[in-house]
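Q: Heads up, the sequence shown is in the numbering used here, so the first residue is 1 and it goes up one at a time.
Ideal placement from N, C-alpha and C gives every residue a C-beta, glycine not left out.
Predicted model, so just to flag it, every value in this text is computed and none were measured.
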Amino acid sequence: MADPDLPQLCQGKTPARVIIDRVVAFPSDGQTVKVVLRNVGGQTANITGFRLTDSDTRNVEAAQNLVFGRDVCNTYGNTTIEPGRAMELVPRTNSTPCGFPFGISFR
Numbered sequence: 001m002a003d004p005d006l007p008q009l010c011q012g013k014t015p016a017r018v019i020i021d022r023v024v025a026f027p028s029d030g031q032t033v034k035v036v037l038r039n040v041g042g043q044t045a046n047i048t049g050f051r052l053t054d055s056d057t058r059n060v061e062a063a064q065n066l067v068f069g070r071d072v073c074n075t076y077g078n079t080t081i082e083p084g085r086a087m088e089l090v091p092r093t094n095s096t097p098c099g100f101p102f103g104i105s106f107r
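1. What residue does the beta strand (DSSP E) around Val40 start on, and which one ends it?
2. Whose C-beta lies closer than 7 Å to the C-beta of Thr93 among residues of the same chain, with five residues either side of it excluded?
3. Can you grab the Cα-Cα spacing for the pair Ile20 / Gly30, in whole Å?
4. Suppose you measure from the CA of Arg58 to the CA of Ile47; what does that come to, to the nearest Å?
5. How is Thr80 classed by DSSP in three states: helix, strand or coil?
6. Under three-state DSSP, which class holds Ala2?
7. With a 10 Å radius around its C-beta and 16 neighbouring C-beta atoms as the bar for buried, classify Gly77 as buried or exposed.
8. For the ligand GTP, any of its heavy atoms closer than 7 Å to the Cβ of Val90?
9. Using the beta-carbon count (16 or more within 10 Å), is Phe26 buried or exposed?
10. If you count every other CB in all the chains shown that lies within 10 Å of the CB of Gly41, and 16 or more means buried, which is it?
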């Protein structure tokens with residue numbers, strides 16, 4: 001029997017498909033930088049264990065905090081994206097302790 005507290009992982013016929021919907025690198029006053037992920041598929045996307053990075057960090061111990069579901073703030077509910085829904089990734093600060101430890105730069 002499925003746990004009623006966990007989201008259902010299969011709602012539609014098409015598989016989950018997560019895209020980078022938006023990157024806000026230069027926010028307006030009072031806003032913050034962010035990356036928005038969106039699930040455009042038909043099933044819930046479980047992104048636990050995934051990472052969003054510009055290089056291969058699988059063997060970099062300092063980068064382990066970039067893995068979804070690795071941090072103490074990430075519970076099952078915020079490492080999944082339901083069909084048609086978005087997840088905003090904002091930097092970790094004192095006011096957003098469960099944000100992600102990232103910055104946006106242009107090389």
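A: Working from what's here:
1. Careful: Val40 lies outside any beta strand (DSSP E) and carries neither H nor E.
2. Gly99
3. 23 Å
4. 15 Å
5. strand
6. Caution is warranted here: a pLDDT of 49 is assigned to Ala2, below 50, making its placement in the model unreliable, and the coordinate value is therefore given only provisionally. It is coil, neither helix nor strand.
7. Caution is warranted here: a pLDDT of 45 is assigned to Gly77, below 50, making its placement in the model unreliable, and no coordinate value can be reported.
8. The ligand GTP is not part of this structure, which contains no ligands at all.
9. exposed
10. buried
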